[in-house]
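Chains as they are written, first to last, in numbering that gives the first Met the number 0: chain A, 0 to 168; chain B, 0 to 339; chain C, 0 to 432. The beta carbon of each residue, even a glycine, is placed where N, CA and C say it ideally should be. Here the structure is a predicted model, which is why all the values come from computation and not from measurement. One structure below.
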Amino acid sequence: MSALLDVDQLLDKLEAGLRNLLEERGIKSPVLIGIRTGGVWVADIIGKRLGIEEPFGELDISFYRDDFSRIGLNPKVTPSSLPFDTEDRDIILVDDVIMSGRTIRAAMNELFDYGRPASIILATLIDLGARELPIQPDVAGQSLKLDAPQRIKLRGPDPLRIEIQAAEQ
Amino acid sequence: MTANLASPNHLQLTRDGQLRHFLTLDGLGRELLTDILDTADSFIEVGERSIKKVPLLRGRTVVNLFFEASTRTRSTFELAAKRLSADVLNLDINTSATSKGESLSDTLLNLEAMASDMFVVRHAQSGAPHFIAESVTPGVAIINAGDGRHAHPTQAMLDMLTIRQHKGGFEGLKVAIVGDILHSRVARSQIRALNELGAEQIRVIAPGTLLPKDVESLGCTVEYDMAKGMKDLDVVIMLRLQKERMEGALLPSEREFYRLYGLSQDKLALAHPECIVMHPGPINRGVEIESAVADGPQSVILNQVTNGIAIRMAVMSMAMGGQMAERQQKQNEINERGLA
Amino acid sequence: MSGNDHFSGASLKITGGRLLDGHGSETPNSALLIRNGRIAAIGEAAEKADADQSFDARGCVISPGFVDLSCNLREPGNGQKGNMVSETRAAARGGFTTVCVSPETSPVNDSRAVTHLIRDGAYVSSPIRVLPVGALTRGLDGEMLSDMSGLTAAGCIAVGNGSRGVRNARVLRRCMAYAQTFGLIVMLRPENQSLAADGYAHDGLVSARLGLLGIPEVAETAAVMEMLLLAEETGVRLHLSQLSCGRSVEMVADARSRGIAVTADVAMHQLVFTEEALSGFDSRFHLRPPLRSEADRQALVAGVREGVIDAIVSQHLPHESAAKQAPLPDTEPGLSSIESLLSLGLELVQRGEFTLAELIRGLTSGPASVVGLNATIGQDDVADLCVFDPEAHWTPSKRSLISAGHHAPVLDRPLPGVVRFTLVEGREAWPGA
């Protein structure tokens, strides 16, 4: 049993929120970095909507996860790819969902190993609450609270769909 | 009838099929070998960043136990461990305890007391890393950096990575390994890897004295005539010939060997025009390979260092991860039993 | 009769057991009377007789005590690898009543003094018969003749060169000619040392895969050929110890058909295991001669069944654990085999590779005939017996093994065949006091 969210609505909200924030901070040429895999799809779409021509980057955080000592290495890791220098850049870090905040912590640690950015704006399509670390998105499409057995699943890349699944499927 | 044996898999893999030691390519299977190559690709990317480190092995101690001297292999392992943020200790055992008569077991137990998480072992005897993996406390991951004539799994994997980079994959590939197969741990590991990854043809080219008995059982065909063996080849791997082979009545002379089995430009011309030339090194110019070929456009001999570091980072992090995941699982089981 | 009693009286009656008498006949529900160390009665007469003690052997097999042609008791020696007390007790537990001990002691048994040392030691420490094999050459060095006549007079039942070959064919020929003078049996392990070179495993599939230094088949067969030709020429009574190749069996069969006086034995582990036992670098299976291919194993089994190979031996070679605790090539070869030998044989019987009678023959009348002993259960025969339960199980482990060597071929897994007791001259050698 699953229900769908209206992705376009979320993307509209995200786009609007980012436009405001970028103007507020006077950021002229931001660059997008999406976290694999869902964040990459969202970054792609948002980039087009915001008219950012520079190719976006893709981050695989497998080497920075904090659960390596419990579950080992993800065998399906793929190389990160940042086709630009992050030094002194304003970065929009994009992920599909934020929950505990650990993924974002790992992503930022990794980003800083590439160089020192001028700033990072965090944009997520969905905020599930349930934080374990003090990390908050600057812009979110929607906040959502799930009941215990429910799971969120992003399907994509085209068309992008979000499903809420009643149980583990 | 089988005895109480530890098969390679039982020792190398956790219950979930994760690597916990890296001793031999036997029994790992195509999927795991491909995972190693893919993981290495990610580590190549790490090597291109300004900070070439990831925190996976932070706080862990890796000990290089080299019972056979080797500067190159040891320094790539050292670099790989450091790029994983590990602390590294180098031990040249030749010069210390075991030459004073201390047994290998005792030497290891003393090292264990220094709280190491991983040993990278190179030893002159086949099976030494297996012995260490079985008798040392299970929690220390063992990486085989070459044992006797048995295996050199990281070298073979970095060779596979090189082949994949140049050829895209292994399907339909015709590969030859030329030279002293009998004494070569690299060749044994390469033959296994090529079989698992699906190369179409694996040929060994050498005189009878340099081939193990029943070599075809390893998964290759034999060709005594190099001209025939080079035909249509996509990859040729030259092995190093050691000077001692002449003394052991295995070969008449280096000159004769070069004439028959050395890779000259003429012989290379018999292969596919895009055949790549590989050599695990160090090269004996004019013995296995003509200088012009070693330096020529088809040679990929020098691309090894990057691949070597990446492969070693991959297997070290996978093995360490497997050990830790296994420990965590055992702890979980103990906790569950405690609660039950 | 309870399991805790020991046979201390002058007479013992054993009933209900399946008797294999060593002549080839089997009696399912037998009765034996043993008195004053000999078989006093069999069958009805025994059934009706009175005895000081009796044993209900229903479910058990009664066989002549086993005879081992190749055993190492490690005494005289430095004591690290075992001693006469531990190893003869282990042998008794294995059902053996007679063991022939290799000259490869420390010092080597190349003199009457050492032979006496062995025999005196056995008299004091051993519950079973210990028959020394004297050295063929001085110090087992393969250069000079030993005092073979003196050794025999002191009690050696044969001469041999242990695990060391005689490199020089000229010396070997002369050794044989000299031994032949006295009608001595020469026991030789066939191995051409220059062909074996530095090898430690069978030169075949597993050594190719694992990069082990191989001992080619031809290292044994070339030596077998040479020894057979020399035996033919000198007329010596030759015994080939521990064959490992199928081809060797063919050669022995051929030699016999030409009338050459040759006998042969094979180690039990060669009938059970192959080179695959080394797949995990398990140093217990570092052996000499090495474990070879499945085809060889089957040929060896056939050789025993057909009587080309006369005897199954233990080649018991116990070591301290450190000798096996190292990378495979650095370990010492040998198995602590004597306690599990019967069990491994029974597993072969279970698999249909041997009949029980063939197994027992290989452990009793076969080896006995090689060295001119008697191993039968008949009227007035000396009461050397083994009574075992083929259906009972035991688990060899470092704790349960009696031998000083813990490197048994099977560990921590139940094996069939438990020896209930072993008698030597009517006295209990196992379990013993």
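Chain-ordered neighbours of residue 20/B on chain C, where CB pairs are closer than 9 Å: Neighbours of residue 20/B on chain C: none; closest Cβ ~13 Å, over 9 Å.
Of the listed residues 74/C, 190/C, 351/C, nearest to residue 103/C (C-alpha basis): 74/C
Beta strand (DSSP E) runs contained entirely in the segment 12 to 95 of chain A, provided each spans 3 or more residues: 30 to 34, 56 to 58
Segment limits, alpha helix (DSSP H) that includes residue 366/C: 364 to 370
Cross-strand partners of residue 146/B (DSSP beta bridge): 122/B, 150/B
Residue 201/B (DSSP reduced to helix, strand or coil): strand
Residue burial classification, residue 181/C (beta-carbon count within 10 angstroms, cutoff 16): exposed
CB contact flag (residue 241/C, residue 364/C, <9 Å): no
CB contact below 9 Å: residue 10/B versus chain A: no
Residue range of the unbroken beta strand (DSSP E) whose run includes residue 69/C: 65 to 70
Buried or exposed (CB count within 10 angstroms, at least 16 for buried), residue 92/C: buried
Own chain residues within Cβ distance below 7 Å of residue 21/A, not counting five before or after: 29
Within-9 Å CB hit, residue 72/A to chain B: yes
Contact under 9 Å by Cβ, residue 108/C with residue 134/C: yes
Cβ contact check for the segment 232 to 239 of chain B and the segment 281 to 300 of chain B: 3 or more pairs under 8 Å: yes
At least 3 beta-carbon pairs within less than 8 Å: the segment 109 to 122 of chain B vs the segment 57 to 66 of chain B: yes
Chain A within 9 Å of residue 44/B, Cβ atoms only: yes
Those runs of the alpha helix (DSSP H) which lie wholly inside the segment 102 to 161 of chain A and span at least 4 residues: none
Coarse secondary structure for residue 416/C, derived from DSSP in three states: strand
Contact set between the segment 62 to 95 of chain A and chain B, restricted to residues whose Cβ is under 8 Å from the partner: 62, 63, 67, 68, 69, 70, 71, 72, 74, 75, 76, 77, 78, 79, 80
Short CB-CB distance (under 9 Å) between residue 59/A and chain B: yes
Residue 240/B - DSSP class collapsed to helix/strand/coil: coil
Residue environment, residue 70/B, which counts as buried when at least 16 other CB atoms sit within 10 Å: exposed
Euclidean distance between Cα positions of residue 78/A and residue 110/A: 14 Å
Buried/exposed call for residue 116/A, threshold 16 Cβ in 10 Å: buried
Extent of the continuous alpha helix (DSSP H) to which residue 46/B belongs: Taken as a continuous stretch (DSSP letters only), residue 46/B belongs to no alpha helix (DSSP H), as it is neither H nor E.
Same chain only: Cβ atoms within 7 Å of residue 192/B, ignoring 5 sequence neighbours per side: 24, 32, 155, 156, 159
Beta-carbon contacts of residue 121/A that lie in its chain and below 6 Å, excluding the five residues immediately before and after: 92, 136, 137
Contact check, residue 181/B vs residue 205/B, beta carbons under 9 Å: yes
Proximity below 9 Å, CB of residue 50/B to CB of residue 112/A: yes
Euclidean distance between Cα positions of residue 115/B and residue 58/B: 10 Å
Min CB distance residue 56/A to chain B below 9 Å: no
Residues that DSSP places opposite residue 13/C in a beta bridge: 31/C, 54/C
Nearest-angstrom Cα separation, counted from residue 157/A out to residue 144/A: 26 Å
Assumed close pair residue 134/B, residue 104/B - CB separation to whole angstroms, cut-off 8 Å: 6 Å
Residue range of the beta strand (DSSP E) that includes residue 159/C: 157 to 159
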